[in-house]
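With positions in the sequence shown counted from 1, the corresponding number in my numbering is that position plus 1. Idealized CB from N, CA, C, for every residue including glycine.
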Amino acid sequence: GTNRWYSFDAGPVHVLALDYHFEKTTSAQFKFAREDLLKSTAPWKVVFVHNPVFNYGHHNSGWGHQSYLPLFREARVDLVLSGHSHMYERFRPVAPTNQPGAWAVTCITTAGGGAELHRPHTHPAQAVAISTNHFTLFDVTRETLRARAIRVDGVEIDAFEIRKPGGRQAAEYLAQVYP
2 GTNRWYSFDA
12 GPVHVLALDY
22 HFEKTTSAQF
32 KFAREDLLKS
42 TAPWKVVFVH
52 NPVFNYGHHN
62 SGWGHQSYLP
72 LFREARVDLV
82 LSGHSHMYER
92 FRPVAPTNQP
102 GAWAVTCITT
112 AGGGAELHRP
122 HTHPAQAVAI
132 STNHFTLFDV
142 TRETLRARAI
152 RVDGVEIDAF
162 EIRKPGGRQA
172 AEYLAQVYP
């Protein structure tokens with residue numbers, strides 16, 4: 002189509018691609034995203050967008066906090082992938098502590114494809130932050146999402162697993178939440 006946002010299903014994963022230029026809840030993209038995510042019955046929901054929702058590296062980004070992050074929680078998005086800052090950052094799952102049962106979302110900046118690298122700044126919300134060229138692989142079943150970030154020389158720099166038995170986030174995952 003003519004829009005720079007779209008979605009598709011790949012096995013048990015529903016993927017939504019967003020254009021970072023349209024951050025407001027009044028945009029046609031937000032309306033599309035809301036309808037799309039809420040109607041999806043896929044076991045896993047993954048969003049990708051250029052600017053990171055969380056980033057303590059070069060750009061110190063906070064895309065979509067007022068608009069999209071609440072939608073991602075409501076629609077039970079599991080993972081948000083972004084680029085922009087040339088490094089690898091995986092954040093602990095984020096959820097508000099003042100809302101019991103709030104859906105936790107994991108955000109990753111995976112932008113180590115070959116441009117000049119940026120240096121991450123440490124923050125307690127980060128699980129991993131590394132300035133290196135890399136790629137990220139995912140293996141997903143109905144109840145488990147496994148990911149590996151791998152340097153271009155083959156060395157693994159991060160690996161994690163999110164389990165959702167019966168469609169619910171596992172206790173060990175929720176124990177890692179950063180408010």
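Scanning its chain for C-beta atoms nearer than 7 Å, with the 5 sequence neighbours on each side dropped, one finds around Gly168 the residues Pro44, in chain order. Boundaries of the alpha helix (DSSP H) harbouring Phe73: Tyr69 to Glu75, taken from the DSSP string. One Cα belongs to Leu138, the other to Thr27, and the distance between them is close to 34 Å. With at least 16 other beta carbons inside 10 angstroms of its own, Asp159 counts as buried. Just so you know, the alpha carbons of His124 and Ser41 end up roughly 33 Å apart. It is roughly 32 Å from the alpha-carbon of Arg149 to the alpha-carbon of Lys25. Nearest to Lys46 by alpha-carbon distance, out of Arg77, Phe23, Gln30 and Ala29, is Arg77. Counting only residues of its own chain and dropping the five nearest sequence neighbours on each side, His119 has a CB closer than 7 Å to the CB of Gly58, His59, Ser86, His87, Met88 and Ser132.
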